[in-house]
Every structure is written in C-alpha cells, then in structure tokens.
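Q: In this note's numbering, the protein residues as written are 990 to 1233. Okay, handing you the structure first.
Set out below in structure tokens:
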C-alpha cells in the first residue's frame, strides 16, 4: 500500500476476519466481533441524516436513509423503512416512485422476488413518461430479478413456454433505453454503466440457460459470449468498472 497510496484495495471475505488479519500490519487493535447495528444505533443514524439534510422534507430524508441502508447492505431494515414510506407517499409521485424502486432493490437482494417484482412494476408505472432514467433502471432490475426467479422454471419447462424468457425481455427493454442515451441518463450515471451491467446480466442469463437447453445450446452460448464481450468493452474501457 505504501507504494500505491492512491490505489483502491479490494478484499474478499468477512470484514471482521480481514481486519483481524490486517491489525498487525496496520498497527490497529483487534476489532473483535462486529455486531449489526441495534435499534438505538439505527435511530442515531436517522438523526444524523436528518440533521444533515435540513432542507429536505421528512419523506425525502426517509428516502435518503432507506437508500443508505440499501447501499451498505442492510436490505431487511431498508425494505421495511422504504415500504413504510411507500405506504404514505402516494401524493408525491417522485418520492413514491423512488421508494418503490429502492424497495425493489432491497427485496431483490434478499431474494424475495415476489415482493421485488411488485415494487419494481410500481416504479415502472410511476416513471413511464416521467423519468426515463428511473424507468430504464426499474426495467433493468425487474429483468435481473426475473432472471433469478424464473430461470429454474424456464430450464425445467423450456419446451412448453415462450422462447423469450421474461427476464430477458425486460433486460432487452432496459438495454434499448440505455442505448438511447439521452442527456438525463448520462448525468445520472445510468447510461454506459447501466448498459454495461444490463448486458452482463443478460449474458449471465444466456450462459445459465445454455446448460439446460440442448437444442439451442450452441446458439445461447454464442449469444452469451457476444453479450459478455460487449459488457466488458463498455465497463472496462469507458467506465473503468471492476465488474469487467
């Protein structure tokens, strides 16, 4: 690290074990057991965010807090916070749409795909013709959720269902919207990065399905390789994204 002071170091594994292994190298105390935040700590975080966001409404602050919880991986708490906001924010279209989108994110990460789909469809409906960025994002996450949820059914019953997987349909819709590349997609970082991630999700779906569909396996494998190659090109060369 001393030779590369400005570099980002990526670790894999449990944070507590990583810190314990590095404690001697970095000259810090053994961290011991790191427990999830209790109710008092969660409330303290709420107060800190509300104190910082003095110009926001209560609903906007709660939305920011919910998204913060999603971003740090506390998906169960985030889902509950955002769903409470969702129930009371129907008069504010933007807050309602974002609460649905972020709640869909949280539920998808918990593999609660039934609830995730409900929230993401609501976000799609609220954002259509109103916010193309969020509409593309909701379509992307709905396709990602459906790819995980319906893939087993697709593999098992593939001779009797439509050739196009439901998840693939939404991912292709999201890719089409990302490729339209209006200014609003670019400024919200949902243009090339979103396109690259959606291409990656589609490639993963093609790759998984190829193993269970012998009559079109070679075609799906070829599609997977082509889609991954496009994703790598976008994420590596334009976004410098580690997912490449």
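Cβ atoms here follow ideal geometry from the backbone N, Cα and C, with glycine treated the same way.
Use the C-beta contact count for residue 1103: other C-beta atoms within 10 angstroms, 16 or more gives buried, fewer gives exposed.
A: For this step, residue 1103 is matched to residue 114 along the chain shown. Exposed, since its Cβ has fewer than 16 Cβ neighbours within 10 Å.
Q: Identify whether residue 1061 lies in helix, strand or coil by the three-state DSSP scheme.
A: The residue given as residue 1061 occupies position 72 in the chain shown. DSSP places residue 1061 in coil when its eight states are reduced to three.
Q: Can you check which of these residues, 1098, 1160 and 1101, is closest to residue 1127 by C-alpha distance?
A: Working through the chain shown from its first residue, we reach residue 1127 at position 138. Among 1098, 1160 and 1101, the Cα nearest to that of residue 1127 is on 1160.
Q: Would residue 971 and residue 1068 qualify as a contact pair, given that the criterion is a beta-carbon distance under 8 Å?
A: No information on residue 971 is available, as it lies outside the stretch 990 to 1233 that the chain covers here.
Q: For residue 1213, count the other beta carbons within 10 Å of its own beta carbon; 16 or more makes it buried, fewer makes it exposed. Which is it?
A: Position 224 of the chain shown, counted from the start, is the residue given in the question as residue 1213. Classification for residue 1213: buried.
Q: What residue does the alpha helix (DSSP H) around residue 1167 start on, and which one ends it?
A: Taking the chain shown and counting its residues from 1, the one referred to as residue 1167 is at position 178. Segment 1155-1169, the alpha helix (DSSP H) holding residue 1167.
Q: Alpha carbon to alpha carbon, how far is residue 1168 from residue 1216?
A: On the chain shown, residue 1168 is found 179 positions in, with the first residue counted as 1. On the chain shown, residue 1216 is found 227 positions in, with the first residue counted as 1. Near 14 Å, if we compare the C-alpha coordinates of residue 1216 and residue 1168.
Q: Between which two residues does the alpha helix (DSSP H) containing residue 1094 stretch?
A: Taking the first residue of the chain shown as position 1, residue 1094 is located at position 105. Taken as a continuous stretch (DSSP letters only), the alpha helix (DSSP H) holding residue 1094 covers 1082-1098.
Q: In the DSSP assignment, find the alpha helix (DSSP H) that holds residue 1202 and state where it starts and stops.
A: Numbered from 1 along the chain shown, position 213 holds the residue referred to as residue 1202. Careful: residue 1202 lies outside any alpha helix (DSSP H) and carries neither H nor E.
Q: Could you tell me if residue 1208 is buried or exposed, where buried requires 16 or more neighbouring beta carbons within 10 angstroms of its beta carbon?
A: The residue labelled residue 1208 in the question sits at position 219 within the chain shown. Classification of residue 1208: exposed, given that the 10 Å Cβ count is below 16.
Q: Residues in the same chain with beta-carbon distance under 7 Å from residue 1078, minus the five sequence neighbours each way, listed in chain order, please.
A: Along the chain shown, one-based indexing puts residue 1078 at 89. Hits under 7 Å: 1048, 1084, 1085 and 1088.
Q: Would you check if the distance between the CB atom of residue 1132 and the CB atom of residue 1156 is smaller than 8 Å?
A: Walking along the chain shown from the start, residue 1132 turns up at place 143. Walking along the chain shown from the start, residue 1156 turns up at place 167. A contact, by the Cβ cut-off of 8 Å.
Q: According to DSSP, is residue 1185 part of a helix, a strand, or is it coil?
A: Counted from its first residue, the chain shown places residue 1185 at position 196. Residue state, collapsed to three classes: helix.
Q: What would DSSP say about residue 1119, mapped onto helix, strand or coil?
A: Here the question's residue 1119 lines up with position 130 in the chain shown. Residue 1119: coil per DSSP, three-state reduction.
Q: Tell me which same chain residues have a C-beta within less than 7 Å of the C-beta of residue 1036, skipping the five on either side of it?
A: Within the chain shown, numbered from 1, the residue matching residue 1036 stands at position 47. Cβ neighbours of residue 1036 beyond the five flanking positions: none.
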